[in-house]
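Comments concern the structure below.
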């Protein structure tokens, strides 16, 4: 192999990608491992991630080994880090890619002993990196991450995210759908988020769901995580029409559920990225986060968003998007995906 950007590619046999968390970022970072494996099929590709985010990498065919660090507090966390530094050094990686760009990833590189250390030119570890990537224009983050691979001679590929859904999860979800015996397309609302600033106004979700229900053409189901259940129940109480509460799901079952539906309506976040992996059409609402950076629209078919560039946060969660705006967008989408 040739040398590119002062890297002797013939010296590289074993690489490590660092992306500790969170769910969505781990998922979209793993998306480019297919391009690496395709370009360098003999490289061993390992992925360093925090637990429980390692679960999202399960059975990824382009990752040879998942290196997981448990989360802890205070002294135990320090001890875990030391153990990790020692483990990484013993593994003798030829190349480390610092996708996380955080203090812990920089510390990992410092003690790694790797010959090639790849990161952003303006990244937190720029004093330690010896291979630099330049950030390109801002666009969908899953596509934008290919910028860090340019020093390896890897060109951007179409966005394709992989997430393994277990058979037991598929069976669990299928059983529920069989019990419900839906005769209409299923529109799934997932109005929660761990980040309050990402949540579109709850009353607006209720109004939008009522408008969709009034067409009598769709089944409306609300998907939830344990921390989101109270908000979902509140939304359902605000509605004039009857709707359905999805069964309790863990993350893997959630993916199986999303794969079964006809459209996901949600906020910006990990669930929207998950819909990319399951190839389920989606409509996401963006307020204080950047749709340009986090929406798959334009990069993945049948994924859409609503955002208002004139919106300025003033304490409400409207995002400058009305239920009427959302319903019009919904109708446009369903004309194309049905």
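In our numbering, the protein residues as written are 66 to 403. Backbone N, C-alpha and C fix where the C-beta goes; we use that ideal spot for every residue, glycine too.
Compare the Cα-Cα distances from residue 253 to each of 236, 242, 176 and 259 and report the closest residue. Taking the chain shown and counting its residues from 1, the one referred to as residue 253 is at position 188. The alpha carbon of residue 253 has as its nearest neighbour, out of 236, 242, 176 and 259, the alpha carbon of 242.
Assess contact between the stretch 83-101 and the stretch 115-125, defined as three or more Cβ pairs (one per stretch) separated by less than 8 Å. Is contact present? In the pairwise beta carbon analysis, the stretch 83-101 is classified as touching the stretch 115-125: at least three pairs are separated by under 8 Å.
Would you report the Cα separation of residue 356 and residue 337, rounded to the nearest angstrom? To locate residue 356, count along the chain shown from 1; it is residue 291. To locate residue 337, count along the chain shown from 1; it is residue 272. In this model, residue 356 and residue 337 are separated by some 12 Å (Cα to Cα).
Given residue 208, which residues of its chain have a CB within under 7 Å of its CB, disregarding the five upstream and five downstream residues? Indexing the chain shown from 1 puts residue 208 at position 143. Only 221, 224 and 364 meet the Cβ criterion.
Tell me, please, which residues DSSP counts as bridged to residue 329. Taking the chain shown and counting its residues from 1, the one referred to as residue 329 is at position 264. BP columns for residue 329 point to 253 and 347.
Boundaries (first-last residue) of the beta strand (DSSP E) holding residue 142: In the chain shown, residue 142 corresponds to position 77, counting from 1. In the DSSP assignment, residue 142 falls outside any beta strand (DSSP E) and lies within the alpha helix (DSSP H) extending over 139-156.
For residue 87 and residue 290, I'd like the C-alpha separation in whole angstroms. The sequence position of residue 87 within the chain shown is 22, counting from 1. The sequence position of residue 290 within the chain shown is 225, counting from 1. C-alpha separation (whole angstroms): 16 Å.
Could you round the C-beta distance between residue 438 and residue 193 to whole angstroms and report it? I think they count as a contact, below 8 Å. This structure does not reach residue 438, given that the chain is present from 66 up to 403, and the question cannot be answered.
Check for me: the beta strand (DSSP E) holding residue 109 runs from which residue to which? Position 44 of the chain shown, counted from the start, is the residue given in the question as residue 109. Residues 109-115.
Just the Cα atoms here: how many angstroms apart are residue 185 and residue 299? Working through the chain shown from its first residue, we reach residue 185 at position 120. Working through the chain shown from its first residue, we reach residue 299 at position 234. Going from the Cα of residue 185 to the Cα of residue 299 covers about 44 Å.
Going by DSSP, name the residue or residues bridged to residue 286. Translated into the one-based positions of the chain shown, residue 286 becomes position 221. Partner residues in the beta bridge of residue 286, as assigned by DSSP, are 253 and 309.
Since residue 198 sits in a beta bridge, which residues does DSSP pair it with? If you number the chain shown from 1, residue 198 lands on position 133. In the DSSP assignment, the residues bridged to residue 198 are 185.
Pairwise C-alpha distance: residue 322 and residue 113: Translated into the one-based positions of the chain shown, residue 113 becomes position 48. Translated into the one-based positions of the chain shown, residue 322 becomes position 257. Each residue's alpha carbon lies about 28 Å from the other.
Would you call the CB atoms of residue 317 and residue 230 closer than 8 Å? Residue mapping note: residue 317 aligns to position 252 of the chain shown, counting from 1. Residue mapping note: residue 230 aligns to position 165 of the chain shown, counting from 1. Against a cut-off of 8 Å, the Cβ pair of residue 230 and residue 317 comes out as a contact.
To the nearest angstrom, how far is the alpha carbon of residue 179 from that of residue 158? Taking the chain shown and counting its residues from 1, the one referred to as residue 179 is at position 114. Taking the chain shown and counting its residues from 1, the one referred to as residue 158 is at position 93. It is roughly 5 Å from the alpha-carbon of residue 179 to the alpha-carbon of residue 158.
Residue 38 by DSSP, collapsed to three states: which one? Since the first and last residues shown for the chain are 66 and 403, residue 38 lies out of range.
To the nearest angstrom, report how far apart residue 268 and residue 308 are at their CA atoms. Here the question's residue 268 lines up with position 203 in the chain shown. Here the question's residue 308 lines up with position 243 in the chain shown. Those two C-alpha atoms are separated by around 15 Å.
Whole-angstrom C-beta distance between residue 352 and residue 384, which should lie under 8 Å: On the chain shown, residue 384 is found 319 positions in, with the first residue counted as 1. On the chain shown, residue 352 is found 287 positions in, with the first residue counted as 1. With 8 Å as the limit, residue 384 and residue 352 qualify as a contact, their Cβ atoms being about 3 Å apart.
Figure out for me which residue from 169, 121 and 153 has the closest Cα to the Cα of residue 143. In the chain shown, the residue the question calls residue 143 occupies position 78. Distance from the Cα of residue 143 is smallest, within the candidate group 169, 121 and 153, for 169.
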